[in-house]
Every structure is written in C-alpha cells, then in structure tokens.
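In terms of the working numbering, the sequence shown opens at residue 56 and continues consecutively. Working notes, beginning with the structure itself.
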Amino acid sequence: MKGPLGLQDYQKAHAPVPGTDRDIFDLRGIDRGAGALVVVRPDQYVSLLLPLDGFVELDDFFSGFMVEPR
C-alpha cells in the first residue's frame, strides 16, 4: 500500500500475489518455467516482453532507435 489513500497498484506487481487470483504470470502469458525478459521504460511502460533467449528480437528492438557512439 502506498500514497495518501493506501492504494495497491497490482499492474506494477512483478510476481504472483499470494492468496489472490491476481497472478501476473497468467495475466501476462508468461511461462513460469521459462521466465521472461521485460524491457520497461523509465515511465514504467512495458515496451517489450520476450523469452529469455530472445537476443535477436532484443537487438532488433533497440536497433530501431539507438545509435552507435561516434
């Protein structure tokens, strides 16, 4: 709980919430055994969700807007 109203933001939970039906793995379609690689922007927007071996896709994603230093 946080803030003056003591609200709980379940969208920012990155693990199962014990004792509830709010399971982040099921909600986001993540395989518990395989795990996931999540790219999160500074404003907490989830930009990309990949399997842990998604190196090519991760490189393609960042290559779209990152540039090599000169």
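Quick reminder that beta carbons are idealized off the backbone N, C-alpha and C, glycines included.
Measuring straight from C-alpha to C-alpha, what distance separates residue i and residue j?
i: Val95; j: Val101; result: 5 Å
Specify, as a first and last residue, the run of the alpha helix (DSSP H) that residue i falls within.
i: Leu60; result: Segment: none, Leu60 is in no alpha helix (DSSP H) and carries neither H nor E.
i: Asp114; result: Phe110 to Ser118
What is the DSSP secondary structure of residue i, reduced to helix, strand or coil?
i: Leu82; result: helix
i: Glu123; result: coil
i: Asp76; result: coil
Note the first and the last residue of the continuous beta strand (DSSP E) segment covering residue i.
i: Leu104; result: Val101 to Leu105
i: Val93; result: Leu92 to Val95
Less than 6 Å between the CB of residue i and some heavy atom of the ligand FMN, yes or no?
i: Phe116; result: This structure lacks the ligand FMN, and indeed carries no ligand of any kind.
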